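Heads up: the sequence shown is residues 247 to 365, going by the working numbering. Step one of this worksheet: look at the structure below.
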Amino acid sequence: MTMFVLLPFFGVSVTFFIGRYLEKHGYQKEDVKRLHIILEENWGRGRFVKDVQEIIGHHIIAWYLLSMALFLTGNVVGAAISVVAMFLEIFSFIPIFLLMVQWTMDIPFSLYALASGEE
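Right under this line is the structure:
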């Protein structure tokens with residue numbers, strides 16, 4: 247039910263961002279209606295098609311996360327706080343994960359160097 251409630255917002259948001267992207271490439275915002283023709287014209291030329299796919303994909307992921315948070319929490323404020331907290335948690339733990347990977351890779355080499363007497 248929550249996904250269907252958020253579906254109009256998803257459609258408006260995707261249309262707005264694709265319209266802005268089309269304006270950057272010399273089209274008009276109203277050309278979103280003929281997006282399938284524009285994609286056929288530009289297929290295989292540069293990053294245009296890939297960028298449009300990324301815009302749509304990122305919106306699907308963001309709205310899915312928001313709708314699932316809304317479904318799980320039951321209120322809009324709690325859902326928004328949950329999504330923001332999730333992104334903050336992911337991005338704040340990236341340095342810690344990188345340090346853990348570095349230690350995991352470095353310890354065997356250090357132990358080998360200590361055991362063999364090499365530097």
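Virtual Cβ for every residue (Gly too), placed ideally from N, Cα, C. Here the structure is a predicted model, which is why all the values come from computation and not from measurement.
| Item | Value |
| --- | --- |
| Under a Cβ-count criterion, where at least 16 other Cβ atoms within 10 Å of its own Cβ denotes burial, should His-400 be classed as buried or exposed? | Nothing can be reported for residue 400, as the shown portion of the chain is limited to 247 through 365. |
| In three-state terms, what does DSSP make of His-271? | coil |
| Report, in whole angstroms, the separation of the C-beta atoms of Leu-312 and Val-329, which I expect to be a contact under 8 Å. | 5 Å |
| Would you decide whether Ile-340 is buried or exposed? Buried here means 16 or more other CB atoms lie within 10 Å of its CB. | exposed |
| State the start and end residues of the unbroken alpha helix (DSSP H) segment that holds Asp-277. | Per DSSP, Asp-277 belongs to no alpha helix (DSSP H) and is neither H nor E. |
| Under 8 Å: do the region 290–304 and the region 260–269 share three or more Cβ pairs, one atom per stretch? | yes |
| Tell me the DSSP secondary structure of Glu-364 in three-state form. | coil |
| Gly-272 to Leu-252, Cα distance in whole Å? | 31 Å |
| Where does Gly-290 fall in DSSP's three states? | coil |
| In this structure, how does DSSP classify Gly-303 when only helix, strand and coil are distinguished? | helix |
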